[in-house]
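A quick write-up on the structure given underneath.
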Amino acid sequence: MIDLLLKLKVFLHWLGQFLFDGALAELFDKLADLLFP
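Numbering (the working numbering), first residue to last: 134 to 170.
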């Protein structure tokens, strides 16, 4: 289960980097940290 959450966090991070060219990557990281502490 934790493995899945880690994958999701990595996916959110990658999504932020890829879709928004890194502009919202930090926001996505914070969001991931909030959702999956």
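Just so it is clear, CB atoms sit at the ideal spot from N, CA and C, and this is done for glycine as well.
Checklist entry - Where does the unbroken alpha helix (DSSP H) through Phe144 begin, and where does it stop? => result 135-152
Next on the checklist: Taking the beta carbon of Phe169 as the centre, do at least 16 other beta carbons fall within 10 Å, making it buried, or is it exposed?
Outcome noted: exposed
Item to check | Segment limits, alpha helix (DSSP H) that includes Leu160 | outcome: 158-168
Checklist entry - Which word fits Phe161, buried or exposed, when buried means at least 16 other C-beta atoms lie within 10 angstroms of its C-beta? => result By the neighbour-count rule (16 or more Cβ atoms within 10 Å), Phe161 is buried.
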